[in-house]
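Chains as they are written, first to last, in this note's numbering: chain A, 89 to 287; chain B, 95 to 288.
If you want it as structure tokens, here you go:
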């Protein structure tokens, strides 16, 4: 962690904006409107892209996920920082997704890091409830082995091509996947009630 | 002084080509090869001793832990042994997993830091910091400079105390009790460690 400076405390989305195509600014400057980072990335990688609080987000489908990560790795995004999943069961209603991306119940989220350009890219893959499978990034990033095991354990998403897809946190004979939104938490009767929860 | 430096550089240059600094080692391929990694479920491990696929396979799978003096917290290691030599191992964790992410789903922004601060008892303030930074980024909140400086001071003190604890317990594992005494003494002088 860098030492915090009072001046740097203001959110600066522009400062963190990744510039994957910094070597060709000339043709864009000729056009009347400068291309936004997400439009540049969408054109370069051929997948829908968006910008979230200054962070470039790509939205590949499951067929292009592994291939896109390989291209990004060749482009300098050599570190896969995190692979996790999101269950949007209770937030199905209009989600802010770019054109051409149909929202599904699950999302596999991978965060990639480029040291050379000091930029990060987030990948969001829509995974349907009926067929919760997703390609594994293990052939490209060997370090995701345990991260994908956790996502499988907590969300029940099967990663194709994973060498050892077993539960990592829960016991092996456990039924259900705890971080799914429809997983019953269970309750015990209490004598005193706490503050009302957010839900 | 100069001559020794020169000697050193010459000897480095004259070193025969081996797995040196310039040579590219594919660490990922080494990791992916699975040498030393026991990729086996517990059911398979239980059947390992009963149904031997190979008559000459004399390895044995034993569990080290979950409770063991050298494991901080509760950790089990599934070890494949050939005699006394560890061939492959698989760490099995989750014994201390209390579902804090699930707990966090129902908490408010003000209750959240109290949840994440318990995720690492050695450096709790960093967890609070990243949670606060994430919430502030999502809400577009800017904290005053005074708060930023207080955060920096507390995190620096917490970093010192957590590193002292880490070094001290490292010494304990090899039987050096003295470093634990010194480590705890120094870390207790740091206000971030009660």
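From the three backbone atoms N, C-alpha and C, an ideal C-beta is built for every residue, glycine too.
It should be emphasised that the depicted structure is a prediction, and the values quoted were computed from it without experimental measurement.
Do you know whose CA, among the options, lies nearest residue i's CA?
| i | options | result |
| --- | --- | --- |
| residue 324(A) | 249(A), 205(A), 272(A), 126(A) | In the structure as shown, chain A begins at 89 and stops at 287. Residue 324(A) is therefore absent and cannot be evaluated. |
| residue 190(A) | 207(A), 199(A), 180(A) | 180(A) |
| residue 216(B) | 272(B), 132(B), 158(B), 261(B) | 261(B) |
| residue 232(A) | 270(A), 177(A), 131(A), 247(A) | 247(A) |
| residue 263(B) | 155(B), 136(B), 181(B), 167(B) | 167(B) |
| residue 156(B) | 169(B), 175(B), 199(B), 162(B) | 175(B) |
| residue 216(A) | 173(A), 130(A), 131(A), 278(A) | 173(A) |
| residue 133(A) | 122(A), 140(A), 163(A), 139(A) | 163(A) |
| residue 238(A) | 183(B), 163(B), 191(B) | 191(B) |
| residue 187(A) | 146(A), 260(A), 258(A) | 146(A) |
| residue 194(B) | 181(B), 203(B), 129(B), 209(B) | 209(B) |
| residue 255(B) | 171(B), 232(B), 196(B), 219(B) | 219(B) |
| residue 266(A) | 247(B), 142(B), 196(B) | 196(B) |
| residue 182(B) | 126(B), 266(B), 279(B), 132(B) | 132(B) |
| residue 139(B) | 267(B), 172(B), 266(B), 279(B) | 172(B) |
| residue 205(A) | 161(A), 140(A), 141(A) | 161(A) |
| residue 236(A) | 264(A), 262(A), 169(A), 275(A) | 169(A) |
| residue 123(B) | 185(A), 269(A), 226(A) | 226(A) |
| residue 130(B) | 242(B), 279(B), 235(B), 180(B) | 180(B) |
| residue 159(A) | 185(A), 129(A), 171(A) | 129(A) |
| residue 255(A) | 199(B), 198(B), 127(B), 188(B) | 188(B) |
Grouping DSSP H, G and I as helix and E and B as strand, with all else coil, what is residue i?
| i | result |
| --- | --- |
| residue 195(B) | helix |
| residue 172(B) | strand |
| residue 275(B) | helix |
| residue 267(A) | coil |
In whole angstroms, what separates the C-alpha of residue i from that of residue j?
| i | j | result |
| --- | --- | --- |
| residue 274(B) | residue 213(B) | 23 Å |
| residue 269(B) | residue 160(B) | 21 Å |
| residue 165(A) | residue 150(A) | 19 Å |
| residue 277(B) | residue 273(A) | 41 Å |
| residue 205(B) | residue 153(B) | 50 Å |
| residue 154(A) | residue 136(A) | 15 Å |
| residue 253(B) | residue 228(B) | 20 Å |
| residue 209(A) | residue 249(B) | 28 Å |
| residue 135(B) | residue 152(A) | 30 Å |
| residue 167(A) | residue 201(B) | 32 Å |
| residue 221(A) | residue 137(B) | 23 Å |
| residue 186(B) | residue 234(A) | 11 Å |
| residue 175(A) | residue 183(A) | 13 Å |
| residue 221(B) | residue 245(B) | 12 Å |
| residue 219(A) | residue 271(B) | 55 Å |
| residue 228(A) | residue 120(B) | 12 Å |
| residue 207(B) | residue 233(B) | 16 Å |
| residue 213(A) | residue 131(A) | 18 Å |
| residue 211(B) | residue 258(B) | 19 Å |
| residue 163(B) | residue 240(B) | 44 Å |
| residue 193(A) | residue 224(A) | 19 Å |
| residue 123(A) | residue 245(A) | 36 Å |
| residue 242(A) | residue 200(A) | 21 Å |
| residue 202(A) | residue 178(B) | 43 Å |
| residue 271(A) | residue 265(B) | 43 Å |
| residue 141(B) | residue 178(A) | 42 Å |
| residue 278(A) | residue 140(A) | 41 Å |
| residue 230(A) | residue 257(A) | 19 Å |
| residue 211(A) | residue 148(A) | 7 Å |
| residue 184(B) | residue 157(A) | 28 Å |
| residue 279(B) | residue 267(B) | 18 Å |
| residue 260(A) | residue 169(B) | 15 Å |
| residue 242(B) | residue 203(B) | 18 Å |
| residue 138(A) | residue 231(B) | 17 Å |
| residue 225(B) | residue 235(B) | 13 Å |
| residue 247(B) | residue 223(B) | 12 Å |
For the alpha helix (DSSP H) that contains residue i, what are its first and last residues?
| i | result |
| --- | --- |
| residue 152(B) | Note, residue 152(B): premise wrong, no alpha helix (DSSP H); not H, not E. |
| residue 140(B) | 136 to 142 |
| residue 237(A) | 233 to 243 |
Considering residue i, what are the terminal residues of the beta strand (DSSP E) in which it resides?
| i | result |
| --- | --- |
| residue 248(A) | 246 to 248 |
| residue 211(A) | 207 to 215 |
| residue 223(A) | 221 to 223 |
| residue 179(B) | 179 to 186 |
In chain order, which alpha helix (DSSP H) runs of at least 4 residues are fully inside the region 201 to 273 of chain B? Counting only runs that start and end inside the region 201 to 273 of chain B, the alpha helix (DSSP H) elements of at least 4 residues fall at 206 to 210, 218 to 233, 239 to 267.
Return the chain-ordered ranges of every alpha helix (DSSP H) run that is complete within the region 125 to 205 of chain A and spans a minimum of 4 residues. Correct list: 125 to 133, 150 to 162.
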